[in-house]
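Let me begin by presenting the structure, written as C-alpha cells, before commenting on it.
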Amino acid sequence: MSIPRKLSILVVFGVPAIVGGGIFYWLFGGSYHPVIVYEVLLAFVAGSLVTG
C-alpha cells in the first residue's frame, strides 16, 4: 500500500472521530470517558488498517 493511500485512510477516519466523539459526548451526558474509549478503539482500527 502506498504512503498517500495510508494517509488518506487516516484522514477518512478523522470524520468519524470528530462526529462520533460529539455523539458519544452527547449520549453519555457530557462525560469524556466514553469519548476517550471510542477514540482509542477507532485509533486501533485505523492503525490496523494502515499497517495490515
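In the numbering used here, the protein residues as written are 8 to 59.
We put the CB at the ideal spot given by N, CA and C, even for glycine.
Just so you know, these numbers come straight off a predicted model, no measurement behind them.
Separation of Leu-34 and Ile-25 (C-alpha to C-alpha, rounded to the nearest whole angstrom) is 14 angstroms.
Shown here, Gly-29 sits in a helix according to DSSP, grouped into three states. With contacts defined as CB atoms closer than 8 angstroms, Gly-28 and Tyr-45 qualify as a contacting pair. A Cβ-Cβ distance of about 17 angstroms is found for the pair Phe-31 and Ala-53, leaving them out of contact under the 8 angstroms criterion. A residue is called buried when at least 16 other Cβ atoms come within 10 angstroms of its Cβ; Val-42 meets this threshold and is buried.
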